[in-house]
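As you go down the protein sequences, you meet chains A and B in turn.
Using the working numbering, you'd call the opening residue of the first sequence number 44 and step up by one each time.
Using the working numbering, you'd call the opening residue of the second sequence number -12 and step up by one each time.
As structure tokens, the structure follows; a few thoughts come after it.
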Amino acid sequence: MNLRLSPQTLLVLDAFLLHAEDWKYGYDLSRITGLKSGTLYPILMRLAERKLLETAWEAGEPGRPPRHMYRFTPEGLRYTRANAPSPIPDNLGRVALELGQR
Amino acid sequence: MGSPRNLATRLLAALARYAPPESREWASAMLAELDFIEGDWPALLWALGSAAAIARHAAANCRSWLSNTKHPKEEKMESTGKKTVGVLSGAGLALLLAFAGMGIVQFIGFIFPDSGVEHMQWPHFLGAIVIPEIVFVISAIVLWRKRPPVALGILLMGAAIGVHVAVHFATH
Chain A
44 MNLRLSPQTL
54 LVLDAFLLHA
64 EDWKYGYDLS
74 RITGLKSGTL
84 YPILMRLAER
94 KLLETAWEAG
104 EPGRPPRHMY
114 RFTPEGLRYT
124 RANAPSPIPD
134 NLGRVALELG
144 QR
Chain B
-12 MGSPRNLATR
-2 LLAALARYAP
8 PESREWASAM
18 LAELDFIEGD
28 WPALLWALGS
38 AAAIARHAAA
48 NCRSWLSNTK
58 HPKEEKMEST
68 GKKTVGVLSG
78 AGLALLLAFA
88 GMGIVQFIGF
98 IFPDSGVEHM
108 QWPHFLGAIV
118 IPEIVFVISA
128 IVLWRKRPPV
138 ALGILLMGAA
148 IGVHVAVHFA
158 TH
């Protein structure tokens, strides 16, 4: 698979690796990784187009629009575990902290 | 709602409505996240970044579409155009070689005026016709498999020069 694993892409993949089965939201991913929307979304789009991420709409509370959610496909999880280097400890700690605070 | 947030909402709502179909879902996703961003200015920055992401996504899709979809007629025209350029370049090269042969003979006559080359017919015949025609045939054989249009151009120009010389000798 032709996917450029830039440092930003690795950050996003790291964020998805923790609690990989859980759905994640765009803004939460932005806060966790520290990436702005202009950097984060192109990465999410590429991952989704390559079927590494699945997307879904969460029915929101009344009066609020539904939210878009993302999580690894089985193929995405396999690919990340096989190709992405092990998460950077500092980043992993930050991701775990952020997820714990939610 | 502060005006920066208002602007952010309007921007993303417009993108969700008017973006190309393949980017609209993403624009809607970015719009939905706005409600969870604390602060008006961060919301505006989120919307601006999102707009840039949508623009890049749409541009990438457009480029991909343009490179993948070629009308069969367009492809045929492109192929015919390439062949024509090949034939013309072959003919041009052949003509250039014939002129170069003629030029060499003239140059020898200029350097050695006493040799009388300028007034002899056979050096012209040899330099402008015989040697170039041999080169034409050899290069056409070599190029026939790799660049058939160029080889054809060389052969056509060689034939034209040959006919021209034959007519010249027949009439003079």
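Positions of the beta carbon are idealized from the N, C-alpha and C atoms, including for glycine.
Since this is a predicted model, take the numbers as computed values, not measurements.
Cβ-based burial, residue i [other Cβ within 10 Å; buried from 16]
i	result
residue 104/A	exposed
residue 98/B	exposed
residue 57/A	buried
residue 72/B	exposed
residue 5/B	exposed
residue 124/A	exposed
residue 123/B	buried
residue 155/B	exposed
residue 59/A	buried
residue 37/B	buried
residue 44/B	buried
residue 76/A	buried
residue 74/B	buried
residue 107/B	exposed
residue 20/B	buried
residue 52/A	buried
residue 150/B	exposed
residue 138/B	buried
residue 119/B	buried
Helix, strand or coil at residue i according to DSSP, with G and I counted as helix
i	result
residue 33/B	helix
residue 98/A	strand
residue 145/A	With a pLDDT of only 49 at residue 145/A, under the threshold of 50, the placement of this residue in the model should not be trusted, and no figure is reported.
residue 46/A	coil
residue 162/B	As displayed, chain B neither begins before -12 nor continues past 159, which places residue 162/B out of reach and without an answer.
residue 131/B	coil
residue 139/B	helix
residue 149/B	helix
residue 8/B	helix
residue 88/A	helix
residue 159/B	coil
residue 117/A	helix
residue 104/A	coil
residue 93/A	coil
residue 16/B	helix
residue 144/B	helix
residue 73/B	helix
residue 62/A	coil
residue 78/A	coil
residue 127/A	coil
residue 24/B	coil
residue 68/B	helix
residue 89/B	helix
residue 103/B	coil
For residue i: DSSP bridge partner residues
i	result
residue 112/A	68/A and 99/A
Closer than 9 Å to chain D by CB, residue i
i	result
residue 122/A	Absent from the structure is chain D; the protein chains it does hold are A and B.
- Message: Three or more C-beta pairs under 8 Å: does that hold for the region 117 to 127 of chain B against the region 135 to 148 of chain B?
- Response: yes
- Message: Quick check: the region 114 to 123 of chain B against the region 84 to 96 of chain B, are at least 3 beta-carbon pairs closer than 8 Å?
- Response: Yes: the two stretches touch, three or more of their Cβ pairs being nearer than 8 Å.
- Is there contact between the region 1 to 9 of chain B and the region 74 to 93 of chain A, where contact requires at least three CB pairs shorter than 8 Å? no
- Message: When you compare the region 108 to 118 of chain A with the region 57 to 69 of chain A, are there three or more beta-carbon pairs, one atom per stretch, that lie closer than 8 Å?
- Response: yes
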